[in-house]
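Chemist:
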Amino acid sequence: MSAHIILASGSEIRAQLLRNAGIDPYIVSPRVDEDTIKVSLLAEGAPPRDIADALAEAKARKVSGKHPGSLVLGCDQVLDFDGEILSKPKSAEDALAQLKRMRGKRHMLLSAAVIYRDGEPIWRHVGQVRLFMRMSSDAYLEDYVSRNWDSIQHAVGAYKLEEEGVRLFTNIEGSYFNVLGLPLIELINYLGLQGAIEQ
């Protein structure tokens, strides 16, 4: 049913979301220089939405060339904080600084997905979620980072909503799947229409 769907990502959560939905993708980690792409697009004044889309496309394109006929899904997520893109924290200190900057404020997560087949893009979607952070104390944030560093070092914004990070928020507007980094409903709709999965 989904033997020809390739996930061009090393993300465990994206793979798990697909498996939970009954889609068993073949996993291929793309070797894409995300930092170079980001820096180049930022220099051109590209908005965060376009950066997320370009990163997802770069991953799908890279893997698609080596897997003719397959549907290759590339994904990426960008955190937009007042027009500034915040990346995955480089250290526990960086994670704490990011969380202190964002507390009590709103930010957006932009989750992009692009499907390539035979080296050409055939579908794309960027999901958007608004997240409102509570005014957590310094002490709580320090303890949070200390307890969760092994997990959050791989997450934009230094939190995972599917873990203790949910306690950092007062309100979320948008799809939970987009927070996790995959516009899953829109993807399933497309795959179903294409006959790639049963409906």
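Following my numbering, the numbering of the sequence shown begins with 2 at its first residue and continues without gaps. Don't be surprised by glycine CBs; every beta carbon is placed ideally from N, CA and C.
I'd like to know whether the C-beta atoms of Q78 and G182 end up nearer to each other than 7 Å.
Modeler: Yes. Within cutoff.
Chemist: With DSSP collapsed to three states, give me the class of G128.
Modeler: Of the three classes helix, strand and coil, the one that applies to G128 here is strand, per DSSP.
Chemist: Residues in the same chain with beta-carbon distance under 6 Å from S71, minus the five sequence neighbours each way, listed in chain order, please.
Modeler: Closer than 6 Å at Cβ, skipping near neighbours: H5, I7.
Chemist: Run through DSSP, which three-state label would I198 get?
Modeler: Three-state DSSP puts I198 in coil, outside helix and strand.
Chemist: What number of angstroms, rounded off, separates the C-alpha of L87 from the C-alpha of A96?
Modeler: So the two alpha carbons sit approximately 10 Å from each other.
Chemist: Report the partner residues of G75 according to the DSSP bridge assignment.
Modeler: Beta-bridge pairing links G75 to A9, V115.
Chemist: Report the three-state DSSP secondary structure of L80 (helix, strand or coil).
Modeler: The answer is strand: DSSP assigns L80 an E or B state.
Chemist: Please check the pair G75 and K89, which I expect to be a contact at CB under 8 Å, by giving their CB distance rounded to whole angstroms.
Modeler: Wrong, their Cβ atoms sit about 18 Å apart, outside the cutoff.
Chemist: Give the DSSP-derived three-state secondary structure of L183 in the structure shown.
Modeler: In the structure shown, L183 sits in coil (DSSP, three-state: anything other than H, G, I, E or B).
Chemist: Going along the chain, which residues of its own chain have a beta-carbon closer than 7 Å to the beta-carbon of K161, five neighbours each way excluded?
Modeler: Around K161: S152, I153.
Chemist: What do you reckon, are the CB atoms on P31 and A9 nearer than 7 Å?
Modeler: Result yes, Cβ atoms of P31 and A9 sit closer than 7 Å.
Chemist: Taking 8 Å as the threshold, find out whether the segment 116-124 comes into contact with the segment 100-107 through three or more Cβ pairs.
Modeler: No, they do not touch.
Chemist: Just curious, the alpha helix (DSSP H) that I52 is in, first and last residue?
Modeler: I52 -> alpha helix (DSSP H) spans 49-65.
Chemist: Measuring only the C-alpha atoms, how far is S112 from Y141?
Modeler: Their Cα atoms are separated by approximately 28 Å.
Chemist: Could you tell me the distance, in whole angstroms, from the CA atom of A22 to the CA atom of A57?
Modeler: Each residue's alpha carbon lies about 21 Å from the other.
Chemist: Please report the straight-line C-alpha distance between G11 and G66, rounded to a whole angstrom.
Modeler: Between G11 and G66, the C-alpha separation is close to 18 Å.
Chemist: Is the beta carbon of M134 less than 7 Å from the beta carbon of L169?
Modeler: Yes. Within cutoff.
Chemist: Please identify the residue among A44, V64, L42, D34 whose C-alpha is closest to the C-alpha of V202.
Modeler: In the structure as shown, the chain begins at 2 and stops at 200. Residue 202 is therefore absent and cannot be evaluated.
Chemist: What is the DSSP secondary structure of N21, reduced to helix, strand or coil?
Modeler: Reduced to three states, the DSSP call for N21 is helix.
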